[in-house]
Amino acid sequence: MTTYQDLKDFFKNQNLKVIIAADAETRVSQRKNGDIVSKVAAGGVSIVLDPIARAAGATYVSRGKTEDERSIAQESGNKMIVKDQNNSYILKRLFFSQEEINSYYYGFSNQILWPLCHVTFEKPEFNRAWLDGFRSVNQKFAASIKEEVKEKSFIWINDYQLCLVPHYLGKPKDSIVGLFWHIPWPTWEVFRILPFKREILESLLQCDFLAFHRGYHVRNFLETVERELAVRIDEERNTVHFNNHIVTVKNLSLGIDADVIRSLVDVEQEETFLTRTVKSLFRLDQKKRTLDTYFDNHAVILGVDRLDYTKGLVLRLYAIDRFFEKYPKFIGKVVYLGIIAPSREAISSYNLLHKEIKNVAERINTKYGRGDWIPICISYEVFPRKDIVNFYRKAQICLVTSRDDGMNLVSKEFVVASSYSKNPGMLVLSQFAGSSIDLTQALIVNPYDIDEVAESIKKGLTMSKKEKKERIQAMVETLDERNIYEWAKEFVRSAITAEKENKL
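Letter by letter, the sequence shown follows residues 1 to 504 of our numbering.
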């Protein structure tokens, strides 16, 4: 098992300056009583890249999000040192006009690329006006990265928002360029409809190394470039030859740091945090009974998601409805707690999704609710990570019903946290989530088959404690072996090897 210290030693032995770039910043900064306070940002990519940046002593280039961060950056030359015990890295924030953000982030990234790359049947909006803003932001990211290349460097670009950075970056002297694409790559039949596809493909092929979560994403990408560009593909080595340059393409399944989840588990903690954090969700507001009593007497089905149509949130509610239809003996005994983080509120499709979830939940609650019990409880509050981990521990079922998902770290975090429960829960996991490759002991489902999901909920609730413990333990062992530090080490090692072997 690769540890944080192993990764730190690995970076030290490479003698490379590490520059990491991502739209997602690792820290959120604000002014509080005259002081600057920073905390780890929420979100999968942020949580993943923060410890890697620390281990590498990297310069991390990202987009600043708030006016507080803008004023802080102006005072410090756009850079701040992020310290954690004896480890540190530099966070370099870039700021853009609202017009650029609207085109780059809300427009091109999340109304063109996001729906195009996820098989959810959401129609992309091919608005050419967004392309200039997308180019502008990517160009400024590339320029900012170039400013940091003063010695032999490893440049690690993250995700679809920055897919044009390799084009504007070129090949800085003595540098190695790798890009990890964190979302799915669709089939060629889907990607070919993108009017701007050639520009993106040619940019990605300027990297030395390119990685995806799953093997079929790699195969989809290789077929796409083969059909769209004059390339030569070496299938044995998974390399693409284009314009006198060779790029290696590989799949690497992103892991987590299970020890961080373990550190957040409070095995002595009473369930009072449930009363503290979700009281407003229930009809118990005017009741004398406590939520502790409520949850002690009801099995909890848990969902933890960002508000997004890719997460299958409405399908999930339909499956819960079918579960109660088929197994009415569970009415009054089981509750679904959905924790949904607000997201991309400036995009109309996300607001419509919010309304649809609300309407479907209300119909189900009207259909089955009785007394002070309702089957569906949904919160749009952002909870501290420690509380989320303890929700994992309380749940008898964790439902992950992604319609398409590059990875899904919630499923992995749940498994680790649940292993600390006296009566472990069970994971019901979409076959379309990248994590299903690693978590084979979960109850794997097709989220579009609501009967199958309903059956899996019932199976998880009635499964013996012995079987649940065995399944959870097997998955924990896998997660410890394929952790975040092994993923990062393999990405960097593969990129370095690719750059050496592919020199023409």
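Beta carbons are placed, not taken as given, at the ideal position from N, Cα and C, and that holds for glycine.
The structure displayed is predicted, hence computed values, not measured ones.
Open item on the list: Using the Cβ count rule (16 or more neighbours within 10 Å means buried), how would you classify Ala73?
Closed with: Its Cβ being crowded by 16 or more others within 10 Å, Ala73 is buried.
TODO: Would you decide whether Ile81 is buried or exposed? Buried here means 16 or more other CB atoms lie within 10 Å of its CB.
DONE: Exposed: under 16 other Cβ atoms inside 10 Å.
Task: Limits of the beta strand (DSSP E) - the one that Val247 falls within - done: From DSSP, the beta strand (DSSP E) with Val247 extends over 245-251.
Open item on the list: Taking the beta carbon of Lys468 as the centre, do at least 16 other beta carbons fall within 10 Å, making it buried, or is it exposed?
Closed with: The Cβ neighbour count for Lys468, taken over all protein chains shown within 10 Å, is at least 16; the residue is labelled buried.
Task: Euclidean distance between Cα positions of Trp373 and Lys329 - done: About 14 Å.
TODO: Would you mind working out which of Arg63, Asn110, Tyr106, Trp114 sits nearest Leu91, comparing C-alpha positions?
DONE: Out of Arg63, Asn110, Tyr106, Trp114, Arg63 has the C-alpha closest to the C-alpha of Leu91.
- [ ] Could you say if the segment 426-437 and the segment 367-382 meet the contact criterion of at least three C-beta pairs nearer than 8 Å?
- [x] Because the criterion of three Cβ pairs below 8 Å is not met, the segment 426-437 and the segment 367-382 do not touch.
Open item on the list: Taking the straight line between their C-alpha atoms, what separation do you get for Asp266 and Asn390?
Closed with: So the two alpha carbons sit approximately 7 Å from each other.
Task: Residue nearest to Thr509 in terms of C-alpha spacing, selected from Glu235, Arg482, Phe242, His118 - done: The chain is shown from 1 up to 504; residue 509 falls before or after that span and cannot be answered.
Open item on the list: Using 8 Å as the threshold, is the C-beta distance between Val116 and Leu210 below it?
Closed with: Just to set this straight, residue 116 is Leu in the shown sequence, not Val. A distance of 8 Å or more separates the beta carbons of Leu116 and Leu210.
Open item on the list: Check whether the segment 351-362 and the segment 482-499 touch, using three or more Cβ-Cβ pairs below 8 Å as the test.
Closed with: Not touching, per the Cβ criterion.
Task: Ser103, DSSP secondary structure in three states - done: Here Ser103 carries a helix assignment [DSSP, helix/strand/coil].
Open item on the list: Quick check on the DSSP output: the alpha helix (DSSP H) that includes Arg262 runs from which residue to which?
Closed with: For Arg262, the enclosing alpha helix (DSSP H) stretches over residues 258-264.
- [ ] Tell me, to the nearest whole angstrom, how far the beta carbon of Ser525 is from that of Leu429; I am working on the premise that it is less than 8 Å.
- [x] Summary: the structure shown does not reach residue 525, with the chain confined to residues 1 through 504, and so no result is reported for it.
- [ ] List the endpoints of the continuous alpha helix (DSSP H) containing His354.
- [x] Its alpha helix (DSSP H) spans residues 348-368.
TODO: Report the residue from Ser263, Leu399, His245 whose alpha carbon sits nearest the alpha carbon of Leu315.
DONE: Looking at the Cα atoms, Leu399 is the closest of the given residues.
Task: Distance between Ser402 and Val334 (C-alpha atoms, nearest Å) - done: The C-alpha of Ser402 is placed about 22 Å away from the C-alpha of Val334.
Open item on the list: From the DSSP secondary-structure annotation, give me the bridge partner or partners of Ile81.
Closed with: When beta bridges are read from the DSSP output, Ile81 appears opposite Ile90.
- [ ] Give me the Cα-Cα distance between Ser464 and Glu455, rounded to the nearest whole angstrom.
- [x] In this model, Ser464 and Glu455 are separated by some 16 Å (Cα to Cα).
- [ ] Would you grab the beta carbon distance between Glu413 and Ile256 for me? Rounded to a whole angstrom, and I think it's under 8 Å.
- [x] Between Ile256 and Glu413 the Cβ distance is about 6 Å, and since that is below 8 Å, they are a contact.
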